[in-house]
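Okay, structure first, notes after.
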Amino acid sequence: MTNNSAPFLTLAKNAGFSDGDPGWLKAARANGSERYTDLGLPHVKLEEWKYTNLQPLGEIAYRAVCAKDGDVAIDAIPGLGDASSGGVRLVLVNGCYRADLSDTSGLPEGVRLEPLDETLRDAPDWLEQHLGRVADASTTDRALVALNAAALNTGYVLHVAEGVVVEAPIEIVSMGGYVADAVASFPRNLVVMDEGAQANVVLTHAGSAVGEYLNNSVTEISVAQNATLRLTVLQEDAMEAANLSTTFVSVARDSVFESFTLSMGGRMTRNDTHVTLDGTGAECRLDGAYLMRGRQHCDNTTRVEHRVPNTRSDEMFKGVLDDEARAVFQGKILVERDAQQSDGQMLNKTMLLSDQAEIDTKPELEIYADDVKCSHGAASGQIDETALFYLRSRGIPEAQARNLLVQSFMGQVVERIADGNLRDMIIGKIIHWLPAACYRQEEWRAE
Amino acid sequence: MLEIKNLHVTVDGTEILKGIDLTLGSGEVHAIMGPNGSGKSTLSYAIAGRDGYDVTEGEILYKGKNIIAMSPEDRAAEGIFLAFQYPVEIPGVANTTFLKEAVNAVRRYRGEDELDAMQFIRVLREKVKELGISDDLLKRAVNVGFSGGEKKRNEVLQMAVLEPTLAVLDETDSGLDIDALKIVADGVNRLRGPDRTMLVITHYQRLLDYITPDTVHVLAHGKIQRTGGKDLALELEKNGYAEFADAAA
């Protein structure tokens, strides 16, 4: 393979590593580098990349972020803002930890939330034991994971110890850009929920509109027995950003993983989520909403593996596309031979507000067990003309009527967010996104 | 109040209404009866201004003004109301929200102050009580999970809240058993008044046992074939629409 088929490698190998890094970490980078050289940047001839073309990104002259790219002026921190009162916040700017913008003082005993290099300094053995467990750089067939490993240097670590329940949301804010030239960062994040632990994590991706930035992140999540992790992702990147997020989740016996991913920003978004239900009674819920306009592209690719009996998964992605925006949904539920009495549900629905908008949807079931309850569905369409006429015939002007119908459409997935504050915030963001928003938030609720 | 002159309406390139003439005075209740496919629903949509129902000839004069170029929302704000044959379900939007937005949109159009939540609830409670509708219907999403009877009652409630001067009731009896029909008809009758003109569109005579019209028209083949008093409905009930089958030929 030539270097042309594997762009970013040179810059990934130049991500400012420290000579003092342990051997296992250096080996992981070398393995990643080797795998990425073999695999190359994904192209549309690969089945899982058929609808999302990353090749144009390879033409952009990114450089690797360095420490000074993290040290830029930030006027406002996106994310929960005041709603996070009582919670804690970790802020990364271009992959670099910003102590001045972070506040982790409110964390209870038994919770570690810090940048990766701190864990490397304070708990190297623990880190070695957990990092790369579900995203092994030497064997991965995912080029973006290999690339991320080649640059392994930044990211965050969240560890909630056995039995610790964190009530307030734990907020992680990842900001990119703010510099004039195109920058690329490759954060590797680790979330470890020990037995019986519980936490709500809110992850915000945002950035400045100054320059292009690429964020190729890999997040490894493990949820041990009887633990619960709820993850809300607010992707509000700047319009020229590329956000390529790969998330691996391992869910153990009687534990729960729930996520809701709101994608609104960025020019190119790929949310690749791979969940394995590894213990009986394990449950996962993967929900998402995407709102795209202009020439934005958003790809939600999910893979849920039911590996043992009595596991449940429930997945719903809904989105609205305007202008020439394009979205992709590729969802796969795999039920292994032994995973009897598993329940896997998947639904993808898209509303197209323009004739030029496009959705490519590919829900798939691959079932080897014979006693399971699985289903999938996908649909796309325009605003229902009869419903529109119904609202207008009651005096509601057309623009408001259209907005109301978009809200009605998105309500089905948004109502699945258990936390009332988060739900209201996301409703607010959807309303704000709508053209000529006319409806007050408190009036959009069935109850 | 409503004067329709030589109305021709085309849907998807096919002419459905071929020259309708109708005159409804203030406070009058007229019934339009006709077989399936005669153009009854097309007439109601043309009056309410639905997209795709193109008036190719003639006029619809409402309060002396030709409304054919007006948007549906402006017609509603001017006091025209269409009770749907198949009310539309709108998940995730509470019935109360929908009603309030409709009332306030109409008030804005008329240059009146919008009602705040408290004022609106007061108005709504009064109407709900008058029509004997349960509060539960208000809290639920618009028409979602409503029975056929509840959907039609919800149409009557919307009419009561919007207080139109012209109400067009499209097949209000369809899908209702006799008890539900009586309740809905009772609601409609409560809304009759000297300032409210009604056009009741129906296939069957039975609705007219409960909503007594001043005038009955028979619509077939896109034209009014006959006009008479309420006895005309009884005659149709006995003889059916057979005599109009070849009327166009």
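Sequence lines, in order, name chains A and B.
Numbering-wise (numbering that gives the first Met the number 0), the first sequence opens with residue 0 and increments by one.
Numbering-wise (numbering that gives the first Met the number 0), the second sequence opens with residue 0 and increments by one.
Built from N, CA and C at the ideal position, the CB exists for glycine as well.
Counting only Cβ pairs nearer than 7 Å, list the residues of chain E close to residue i.
i	result
Ala386 (chain A)	Among the chains of the structure shown, chain E does not appear; the protein chains present are A and B.
On the DSSP bridge assignment, give the partners of residue i in chain order.
i	result
Ser244 (chain A)	A:Ser216, A:Asn270
His452 (chain A)	Residue 452 (chain A) falls outside the range modelled here, since chain A spans only 0 to 446, and no answer is possible.
Val87 (chain A)	A:Ile169
Ile31 (chain B)	B:Ile200, B:His216
Lys317 (chain A)	A:Ala288, A:Lys348
Tyr155 (chain A)	A:Pro114
Asn94 (chain B)	DSSP lists no partner for Asn94 (chain B).
Ala326 (chain A)	A:Cys297, A:Ile358
Lys25 (chain A)	Answer is none; Lys25 (chain A) lacks a bridge partner.
Val190 (chain A)	A:Leu157, A:Ile220
Glu257 (chain A)	A:Arg229, A:Arg284
Met174 (chain A)	A:Val92, A:Ala205
Ser184 (chain A)	A:Asn214
Val164 (chain A)	A:Gln197
Leu168 (chain B)	B:Ala82, B:Val199
Lys64 (chain B)	B:Tyr61
Ile223 (chain B)	B:Leu218
Ser262 (chain A)	A:Gln234, A:Tyr289
Answer with yes or no whether the minimum CB distance from residue i to chain A is below 9 Å.
i	result
Tyr108 (chain B)	yes
Asp53 (chain B)	no
Gln118 (chain B)	no
Ser173 (chain B)	no
Ala104 (chain B)	yes
Asp50 (chain B)	yes
Pro193 (chain B)	no
Ser25 (chain B)	no
Ala159 (chain B)	no
Glu72 (chain B)	yes
Glu149 (chain B)	no
Leu81 (chain B)	yes
Glu100 (chain B)	yes
Val10 (chain B)	no
Ala76 (chain B)	yes
Phe97 (chain B)	yes
Val92 (chain B)	yes
Ala47 (chain B)	yes
Strictly under 9 Å for the Cβ-Cβ distance: is residue i near chain B by that measure?
i	result
Asp423 (chain A)	no
Gln411 (chain A)	yes
Asp383 (chain A)	yes
Glu161 (chain A)	no
Glu323 (chain A)	no
Glu219 (chain A)	no
Glu414 (chain A)	yes
Leu433 (chain A)	no
Leu10 (chain A)	no
Any heavy atom of the ligand SAH closer than 8 Å to the CB of residue i?
i	result
Arg266 (chain A)	The ligand content of the structure shown is nil, which means the ligand SAH is not present either.
So does the stretch 136 to 143 of chain B actually touch the stretch 92 to 104 of chain B, counting three or more Cβ pairs closer than 8 Å?
yes
Going along the chain, which residues of the stretch 388 to 409 of chain A sit with their C-beta nearer than 9 Å to a C-beta in chain B?
Phe388, Tyr389, Leu390, Arg391, Ser392, Arg393, Gly394, Ile395, Pro396, Glu397, Gln399, Ala400, Leu403, Leu404, Gln406, Ser407, Phe408, Met409
For the stretch 193 to 207 of chain B and the stretch 163 to 171 of chain B, state whether three or more C-beta atom pairs, one from each stretch, are separated by less than 8 Å.
yes
Can you find at least 3 beta carbon pairs, one from the stretch 31 to 38 of chain B and one from the stretch 334 to 352 of chain A, that sit closer than 8 Å?
no
Could you run through the stretch 326 to 355 of chain A and flag, in chain order, every residue whose CB is less than 7 Å away from some CB of chain B?
none
Ordered list of alpha helix (DSSP H) runs contained in the stretch 75 to 148 of chain A, each at least 4 residues:
115 to 121, 123 to 129
The stretch 104 to 124 of chain A / the stretch 136 to 150 of chain A touching (three or more Cβ pairs under 8 Å):
no
Can you pull out the residues from the stretch 124 to 151 of chain A whose beta carbon lies closer than 7 Å to at least one beta carbon of chain B?
none
Three or more C-beta pairs under 8 Å: does that hold for the stretch 64 to 82 of chain B against the stretch 116 to 136 of chain B?
no
Which full runs of the beta strand (DSSP E) of 3+ residues lie inside the stretch 84 to 163 of chain B, going along the chain?
89 to 93
Using 8 Å as the Cβ pair cut-off and three pairs as the minimum, do the stretch 182 to 191 of chain B and the stretch 100 to 111 of chain B touch?
no
Measuring CB atoms only, is the stretch 149 to 156 of chain A touching the stretch 24 to 33 of chain A, in the sense that at least three cross pairs come out at less than 8 Å?
yes
Output, in sequence order along the chain, the residues in the stretch 206 to 221 of chain B whose CB is closer than 8 Å to any CB in chain A.
none
Counting pairs of beta carbons, one from the stretch 279 to 294 of chain A and one from the stretch 322 to 335 of chain A, are three or more of them closer than 8 Å?
yes
Do the stretch 2 to 18 of chain A and the stretch 63 to 82 of chain A make contact, defined as three or more Cβ pairs closer than 8 Å?
yes
Taking one C-beta from the stretch 377 to 394 of chain A and one from the stretch 173 to 181 of chain A each time, how about it: are there three or more such pairs within less than 8 Å?
no
May I ask you to verify whether the stretch 397 to 407 of chain A touches the stretch 362 to 378 of chain A, counting CB pairs closer than 8 Å and requiring at least 3?
no
Say whether the stretch 253 to 272 of chain A touches the stretch 225 to 245 of chain A, bearing in mind that this needs 3 or more beta-carbon pairs closer than 8 Å, one atom from each stretch.
yes
Below 8 Å, how does it come out for the stretch 57 to 66 of chain B and the stretch 372 to 382 of chain A: are there three or more Cβ pairs, yes or no?
no
Could you tell me whether the stretch 145 to 161 of chain B touches the stretch 174 to 181 of chain B, using the rule of 3 or more Cβ pairs below 8 Å?
yes
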